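*Asks:* Heads up: the sequence lines are chains A and B, in that order. For the first sequence, the tail end lands on 404 under UniProt numbering, and the numbers increase by one without skipping. For the second sequence, the tail end lands on 210 under UniProt numbering, and the numbers increase by one without skipping. Handing you a structure now.
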Amino acid sequence: MADQKTLAEPGTGGEAPYRRMMRPMEGRLLGGVAQGLAAQLKLDPVVIRLMFVLLSVVDGVGMVAYAVLWMVTPREPYEGPQPQRDWSQLSAFTAIGVALAAFGWLTGASAGGIGMLPFAVGGIGALILWQQADPERRRSWMSGATLSIRKNRVRTVLGVGLVVIGAAGFLYSQGELAQARPGMLFTVVVVGGLAVIAAPWLAGLWKELQLERRERIRQEERAEVAAMVHDSVLHTLTLIQRVAHDSREVTRLARSQERELRNWLYQPAQDADATVAAAVRRIAAEEEDAHGVPIEVVCVGDVPFDSGGRLAAMMKAARQAMVNAAKYSESDSISVYAEVEGEEVAVFVKDRGKGFDLDAVPLDRMGIRESIIGRMERHGGSARIRTEPGEGTEVMLTMKVERE
Amino acid sequence: MTRVLIVDDHRLFRSGVRAELGDSIEVVGEAEDVESAVKAIAELQPDVVLLDVHMPGGGGQEVLRRVLGAGSTVRFLALSVSDAAEDVIGVIRGGARGYVTKNISGKELTDAVRRVAEGDAVFSPRLAGFVLDAFASSEAPSIDPELDSLTQREREVLRLIARGYAYKEIAKELFISVKTVETHVSSVLRKLQLSNRHELSRWATARRLV
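Structure below.
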């Protein structure tokens, strides 16, 4: 049976949380089942062997159980020549078995009825088949037995169900409850055997499932990062190379990419139109993109938008102030400060550009008079503008809101 | 001439900063992680350490802990790409005398280094905004009222910094001297570092946005 050395044990690897039942080569008498079971149950092999012998005498249940366990238990990997079986011990156990059988037959104590015979015959038949089959077939059966339970839980459940139903049916056909003991014993042995084998599998399966799920989540995250890097960062780098001669455009692209990446890394997903701070950030980002002038935003406190549209109007005025600064001030950068303190919302838009003479602005220039001052006053707020030629400009917007 | 040590794990960035710093500043060395930074600071005794926040081996906060914990009086200016409140408040409370982001211009950086070397604090508009935000949410009773709240004047100064005003402009606006502005900022820095208000760290942790 050296061919089984390579028997694959997918999943259980070396780190199975529970020890799997194995049939050792060394010290085995027949197939190593008793020894394996003893190791699993932490009992002396002699106890298990005696149990098998006793059960075999009772209608051959032990033999069947032995055969089943032999089939479904993988052999322990073993290097080197096969060790000799201890024939003397084997014959001793056989003698005990024969003696017990004779005793039982003589006294009629083991009157399990003729109904048990098929099981015994079936078990022995299976054993013979097992021995006769060629190594390749045996290997596929072995891995099939372990794999199928691992892979197909439905089938396992079905199998266990069938065993139970079969046992119940057997009991029923026996008709006599007094005779049921060997049958019950059989069921217990089969179910117990299955449980011994299935428990580590189920545990392993569970662990595998958890691992798989973690791995899947990790892979999804990795895919998201890859998509993000590809769609935005790589794209922007390509664009930057193409417009390398235009330093303003390069700066604009780099800033916009930086902002996007920061949002993605640090900022919790939020509705950009739900609160003042979020709206100010969004507007500043949009105007920065549109005009290529960096806009630094600092927000202190926050408040959700009011239903009356006052803050929405304020945001429009703020946007206009940013547009003016970006378009006309020739400033390197623009500072925007939004503050919510109590019931007052204030937005300051400041540049260090060339400034202008407020009184000299023609009456038909709508940008400041209408879009900023007029709009704020219509909604109950106020706007002040501080500017002087050469001193830069600051637009100060304030609006009172009632906390809802 | 101000002697500066640059601590950053990106070689490209170190050389970039070296090139940008003006003639009034002498870069005496560079370090790329916590270990080499601690060693270089002990050996070179620079006036100012430009300190990156995120580095292998514990980051800027670890450098601060080990160097300042050992009783050194070297001054630190944190320089980072991260604008996360946690990081900003973390290094300031760790003992840095200022925080600027890496997209700062060469002239502004030179200015900031000079200011830190003179013992003043350097607040970027964003840091000022963080401090206002952190100290504004003060509904819980404070243990030490002097440390745990800002004076009206300090608040005014911080608001102007957040609005993008330079110290000179603030002085003009509030009819005080630049030196007084610097005093106010240093006082805020001290409160930020010494205040026991656990809200401060909680606020910073809760506010993980840029």
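Each residue gets a CB set at the ideal place from its N, CA and C atoms; glycine is no exception. Since the structure is predicted, the reported quantities are computational estimates derived from the model, not experimental observations.
Taking 8 Å as the threshold (beta carbon to beta carbon), is residue 16 of chain B in contact with chain A?
*Replies:* no
*Asks:* Note down, in chain order, every chain A residue with its Cβ under 8 Å from the Cβ of residue 29 of chain B.
*Replies:* Listed along chain A, no residue sits closer than 8 Å to residue 29 of chain B by beta-carbon distance, the nearest being about 29 Å off.
*Asks:* List the residues of chain B that residue 348 of chain A touches, going by C-beta distances under 7 Å, in chain order.
*Replies:* The answer, in chain order, is 163.
*Asks:* How would you label residue 221 of chain A, buried or exposed, when you count the other beta carbons within 10 angstroms and need 16 or more for buried?
*Replies:* exposed
*Asks:* Per the DSSP calculation, residue 400 of chain A is bridged to which residue(s)?
*Replies:* A:344
*Asks:* Take the Cβ of residue 184 of chain B as the centre, count every other Cβ of all protein chains shown within 10 Å, and call the residue buried at 16 or more, exposed below.
*Replies:* buried
*Asks:* The ligand GDP and residue 207 of chain A: does the residue's C-beta get closer than 7 Å to at least one heavy atom of that ligand?
*Replies:* Looking for the ligand GDP in the displayed structure turns up nothing, as the structure carries no ligands at all.
*Asks:* What's the C-alpha gap between residue 335 of chain A and residue 275 of chain A?
*Replies:* 20 Å
*Asks:* State buried or exposed for residue 175 of chain B, treating a residue as buried only when at least 16 other CB atoms are found within 10 Å of its CB.
*Replies:* exposed
*Asks:* How close, in whole Å, do the beta carbons of residue 249 of chain A and residue 292 of chain A come, if the pair is a contact with beta carbons under 8 Å?
*Replies:* Yes, residue 249 of chain A and residue 292 of chain A are in contact; Cβ-Cβ is about 7 Å, under 8 Å.
*Asks:* Cα-Cα, which of B:147, B:172, B:66 and B:181 is closest to residue 123 of chain B?
*Replies:* B:181
*Asks:* Does DSSP put residue 60 of chain A in a helix, in a strand, or in coil?
*Replies:* coil
*Asks:* Within 8 Å of any Cβ in chain A, is that where the Cβ of residue 212 of chain B sits?
*Replies:* With chain B covering 1 to 210 only, the question about residue 212 of chain B has no answer from this structure.
*Asks:* Ordered along the chain, which non-local residues of its own chain (more than five positions away) have a Cβ less than 7 Å from that of residue 344 of chain A?
*Replies:* 398 and 400
*Asks:* Hey, out of A:246, A:289 and A:245, whose CA is closest to residue 260 of chain A's CA?
*Replies:* Minimum Cα distance to residue 260 of chain A is reached at A:289.
*Asks:* By Cβ distance below 8 Å, which residues in the same chain neighbour residue 49 of chain A in space, the five residues on each side in sequence not counted?
*Replies:* 29, 34 and 93
*Asks:* Which full runs of the beta strand (DSSP E) of 3+ residues lie inside the segment 153-199 of chain B, going along the chain?
*Replies:* none
*Asks:* Comparing the C-beta of residue 147 of chain B with each C-beta of chain A, is any distance below 8 Å?
*Replies:* no
*Asks:* What are the complete beta strand (DSSP E) segments, minimum 3 residues, inside the segment 32-118 of chain B?
*Replies:* 48-52, 75-80 and 98-101
*Asks:* Counting pairs of beta carbons, one from the segment 92-101 of chain B and one from the segment 159-176 of chain B, are three or more of them closer than 8 Å?
*Replies:* no
*Asks:* Is residue 147 of chain B near residue 88 of chain B, with beta carbons less than 8 Å apart?
*Replies:* no
*Asks:* Is it right to say residue 380 of chain A is buried, meaning 16 or more other beta carbons lie within 10 angstroms of its own, or is it exposed?
*Replies:* That one is exposed.
*Asks:* Anything in chain A within Cβ reach of residue 125 of chain B, meaning under 8 Å, just list it in chain order.
*Replies:* 296, 298, 335 and 337
*Asks:* Does the distance from the CB of residue 22 of chain A to the CB of residue 85 of chain A come in under 8 Å?
*Replies:* Cβ distance not < 8 Å, so residue 22 of chain A and residue 85 of chain A don't count as in contact.
*Asks:* Taking CB distances under 8 Å as the criterion, tell me whether residue 136 of chain B reaches chain A.
*Replies:* yes
*Asks:* Could you pull out every residue in the same chain whose Cβ sits closer than 6 Å to the Cβ of residue 29 of chain B, ignoring the five residues on either side in sequence?
*Replies:* 5, 40 and 44
*Asks:* Have a look at the DSSP bridge pairing and note the partners of residue 337 of chain A.
*Replies:* According to DSSP, which records beta bridges pairwise, residue 337 of chain A is partnered with A:298 and A:348.
*Asks:* Just verifying my parser: in three-state terms, what is the DSSP assignment at residue 303 of chain A?
*Replies:* coil
*Asks:* For the structure I just gave you, are there three or more beta carbon pairs, one from the segment 9-22 of chain B and one from the segment 369-388 of chain A, closer than 8 Å?
*Replies:* no
*Asks:* If we count the other Cβ atoms within 10 Å of its Cβ and call it buried at 16 or more, is residue 222 of chain B buried or exposed?
*Replies:* Because chain B spans 1 through 210 in this model, residue 222 of chain B falls outside it and cannot be assessed.
*Asks:* Any C-beta of chain B sitting closer than 8 Å to the C-beta of residue 301 of chain A?
*Replies:* Closer than 8 Å: yes.
*Asks:* State the Cα-Cα distance for the pair residue 377 of chain A and residue 384 of chain A, rounded to the nearest angstrom.
*Replies:* 11 Å
*Asks:* Using only the alpha-carbon positions, how far apart do residue 296 of chain A and residue 325 of chain A sit?
*Replies:* 13 Å
*Asks:* How about residue 132 of chain B: is its C-beta nearer than 8 Å to some C-beta of chain A?
*Replies:* At least one chain A Cβ lies under 8 Å of residue 132 of chain B.
*Asks:* Mind checking whether residue 98 of chain B and residue 85 of chain B have CB atoms under 8 Å apart?
*Replies:* Taking 8 Å as the Cβ cut-off, residue 98 of chain B and residue 85 of chain B do not qualify as a contacting pair.
*Asks:* Determine, using beta carbons only, whether residue 60 of chain B comes closer than 8 Å to chain A.
*Replies:* no
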